[in-house]
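First comes the structure, then the notes that go with it.
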Amino acid sequence: MTTPILHVDNVRKTYGRGQNRFEALKGVSFDIREGESVAIVGKSGSGKSTLMHVLALLDAPDSGQILLEGTDTAVLRGSKLNNTRNKTFGFVFQQFFLTGNNSVLENVILPLKIAGIRRGERKRRGIAALEQLDLADKAKNKAVNLSGGQKQRAVIARALVNNPRIIFADEPTGNLDSNTGAVVEDILFTLNREHGITLIVVTHDEDLAARCDRRIVIKDGQIIDDSAKQVAA
Ligand code: ADP
Ligand code: MG
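Count along the sequence shown from 1, then add 183; that gives the number in this note's numbering.
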């Protein structure tokens, strides 16, 4: 067996203290293999976003271990942590997080800027990512002027520009109408299937979850089900 891309062992996360103390993750453990598509589902408040933030190294667990390709992520600090996140992960969030007054291209190449890639190369790779998402004609437009679906495609272009190994998507279709949402879903699954990018999607949308290889159900900070997709006979 090859090393899983993510190994999660007994991860706990608590918010607040004293009377406000709230245990959002109560010891979760699982492995994710490279190339898998995994849905993390559960009701609002169950701990999905907390889990994703911890997996994506945006937040540290209080206890437990997260290994990224066998390496303990707890030892990563400062610029080493930022570089690992920037190089390995792409992020697609419901709220887009685009800088409205910057051009679409500037938004897309931000991870390359952070990675210290030279200007010409940034532009070349940014345009290539936009072409992949059918947005090259919007490269110079301000991000604020895009439609919801175009914004989410720009976010996916930005997530892709660094050739990530894992895409983390938190409610990626939550702010989109169903037709546009379906287009965005198709793009994510194409990236997973054709480019082997591991896809970890947080969603309360059962139809989206059903398209993933695997479904992890979380309730009150604990995993209550973790099962591979049932293939119809
Ligand atoms: P989900 O994404 O499944 O809706 P979250 O992971 O966002 O759930 O939140 C899990 C629980 O932790 C919720 O009860 C939420 O109110 C609480 N929570 C999340 N973030 C914080 C925070 N920064 N401070 C205090 N409580 C939080
Ligand atoms: Mg959430």
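Built from N, CA and C at the ideal position, the CB exists for glycine as well.
Practice task
Tell whether a beta-carbon distance below 9 Å holds between threonine 381 and isoleucine 223.
Solution key: no
Handout entry: From Gly332, Arg200, Thr185, Gly273, residue whose alpha carbon lies closest to that of serine 361
Key = Gly332
Practice task
Figure out for me which residue from Val221, Asp396, Ser212, Gln277 has the closest Cα to the Cα of proline 355.
Solution key: Gln277
Exercise for the section: Would you mind working out which of Val366, Lys270, Ser410 sits nearest valine 400, comparing C-alpha positions? Expected result: Ser410
Practice task
Please confirm whether any heavy atom of the ligand MG lies closer than 8 Å to the CB of aspartate 353.
Solution key: yes
Problem - alanine 322 versus isoleucine 339 - alpha carbon distance - result: 14 Å
Problem - valine 327 beta carbon near the ligand MG (any heavy atom closer than 8 Å) - result: no
Exercise for the section: Could you please give the first and the last residue of the uninterrupted alpha helix (DSSP H) stretch that includes aspartate 317? Expected result: From DSSP, aspartate 317 is part of no alpha helix (DSSP H); its letter is neither H nor E.
Problem - For arginine 200 and glycine 273, the rounded distance between their alpha carbons - result: 32 Å
Problem - For threonine 254 and glycine 303, the rounded distance between their alpha carbons - result: 33 Å
Problem - 7 Å Cβ shell around valine 344 - same chain, five flanking residues per side excluded - result: Val291, Ile292, Pro294, Leu295, Arg308, Gly309, Ala312
Exercise for the section: Could you say which of Gln405, Gln413, Ser330 lies nearest to lysine 226 if we only look at CA atoms? Expected result: Gln405
Exercise for the section: Could you give the DSSP three-state label for asparagine 265: helix, strand or coil? Expected result: helix
Handout entry: Distance cut-off 8 Å: lysine 209 Cβ against heavy atoms of the ligand ADP
Key = no
Problem - Neighbourhood of leucine 318 by C-beta, 8 Å cutoff - its chain only, sequence neighbours within 5 removed - result: Val287, Gln333, Arg336, Ala337, Ala340
Handout entry: glycine 364 to isoleucine 349 span [Cα, whole Å]
Key = 20 Å
Exercise for the section: Please list, in chain order, all residues with a C-beta atom less than 6 Å from at least one heavy atom of the ligand ADP. Expected result: Tyr198, Gly199, Phe205, Ala207, Gly225, Ser227, Gly228, Ser229, Gly230, Lys231, Ser232, Thr233
Handout entry: Which of helix, strand or coil DSSP assigns to lysine 412
Key = coil
Practice task
Please report how far the alpha carbon of leucine 238 lies from the alpha carbon of valine 367, in whole angstroms.
Solution key: 22 Å
Exercise for the section: Tell me whether isoleucine 407 is buried or exposed, calling it buried when 16 or more other Cβ atoms sit within 10 Å of its Cβ. Expected result: exposed
Practice task
Evaluate serine 246 with the Cβ neighbour count: other Cβ atoms within 10 Å of its Cβ, from every protein chain shown; 16 or more gives buried, anything less gives exposed.
Solution key: exposed
Practice task
Could you check the C-alpha separation between threonine 185 and valine 191 for me, to the nearest Å?
Solution key: 16 Å
Practice task
In angstroms with no decimal places, state the Cα-to-Cα distance between asparagine 328 and aspartate 320.
Solution key: 13 Å
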